[in-house]
Amino acid sequence: MNALKERILNEGQNLGRGILKIDSFLNHQLDAALMEAIGENIADRFRHTSPTRILTAEVSGIIPAVMTAKALGNIPIVYARKHKPITMQEPVFVDTAPSHTKGGEVLLMVSPEFLHTADRVLIVDDFLASGRTIDALSRIVQSSGATLVGIAAVVEKTFEGGREALAHWNVPIEATATIVNMDDGRIILA
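Number 509 in this note's numbering belongs to position 127 of the sequence shown; there are no gaps in the numbering.
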């Protein structure tokens with residue numbers, strides 16, 4: 383997706399240790415037109431899998447997930463919560479994943495009332511790096527009895543091995559932009 387690649391190259395900041403700051407259009411401030419185009423791109427890639435629900439993690443995955451759901455005909459979006467609100471009744475589907483930007487482990491929680499065994503779930507997230515957050519989301523799908531039909535990321539950093547770490551799920555994995563190298567302060571796109 384050329385518009386996304388241009389924004390990454392023009393506005394992205396390589397902060398070292400594999401951390402890419404793209405806060406000006408995705409992770410803090412949002413570009414609605416770009417997010418809509420990303421959602422349409424992801425929807426086009428996964429329409430054939432007939433998803434009935436999208437799963438993401440709060441916070442930065444929500445907007446790409448919403449735009450993808452809209453492009454797929456307004457299917458429901460569920461986001462895994464990192465903090466359990468008092469309105470979330472037990473039992474819940476829960477898993478843990480490391481946070482690359484926050485450090486440490488985070489809990490990911492989904493209420494069973496929003497993931498059903500008949501669901502066909504597409505995971506949409508902002509980044510695919512090590513794959514550990516998406517793997518945790520995939521385990522939540524598995525725990526719910528739903529069917530995982532695909533994994534989508536706005537940006538993939540191939541040098542962190544996430545795609546390989548997720549291969550055991552045997553579903554299509556797609557990214558709208560792929561970064562192959564961030565050595566020496568550079569941002570090299572595929």
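C-beta: ideal position from N, C-alpha, C; glycine also. None of the values given here were measured: they were computed from a predicted structure.
Secondary structure of residue i, DSSP reduced to three states
i: A557; result: strand
i: N396; result: strand
i: K403; result: strand
i: I444; result: helix
i: K466; result: coil
i: M491; result: strand
i: V476; result: strand
i: I570; result: strand
i: N552; result: coil
i: H334; result: Nothing in the structure corresponds to residue 334, since the chain is present only between 383 and 572.
i: M417; result: helix
i: L386; result: helix
i: L454; result: coil
i: A511; result: coil
i: G485; result: coil
i: Q471; result: coil
i: L519; result: helix
i: L391; result: helix
Beta-ladder partner(s) of residue i, from DSSP
i: R502; result: T529
i: L437; result: V460, I505
i: A534; result: V506, E556
i: N563; result: I570
i: K539; result: I561
Neighbour-count burial assignment, residue i, 16 or more Cβ in a 10 Å radius
i: I468; result: exposed
i: R435; result: buried
i: M417; result: buried
i: R568; result: exposed
i: V441; result: exposed
i: P446; result: buried
i: D562; result: Strictly speaking, residue 562 in this sequence is Val, with Asp absent from that position. With fewer than 16 other Cβ atoms within 10 Å, it is exposed.
i: T438; result: buried
i: D566; result: exposed
i: G532; result: buried
i: M564; result: buried
i: L530; result: buried
i: S481; result: exposed
i: E542; result: buried
i: L519; result: buried
i: R429; result: exposed
i: A500; result: exposed
Test: residue i CB closer than 7 Å to a CB of chain B
i: L489; result: The chain labelled as chain B is not found in the depicted structure, where only one protein chain is given.
Rounded Cβ spacing between residue i and residue j (contact assumed at less than 8 Å)
i: A462; j: V506; result: That belief does not hold up - the Cβ atoms of A462 and V506 are roughly 12 Å apart, past 8 Å.
i: Q395; j: K403; result: 4 Å
i: F496; j: V537; result: Between V537 and F496 the Cβ distance is about 26 Å, and since that is not below 8 Å, they are no contact.
Do three or more CB pairs link the region 403-410 to the region 513-529 at distances below 8 Å?
no
With a threshold of 8 Å, are at least 3 pairs of Cβ atoms found where one atom belongs to the region 549-561 and the other to the region 383-397?
yes
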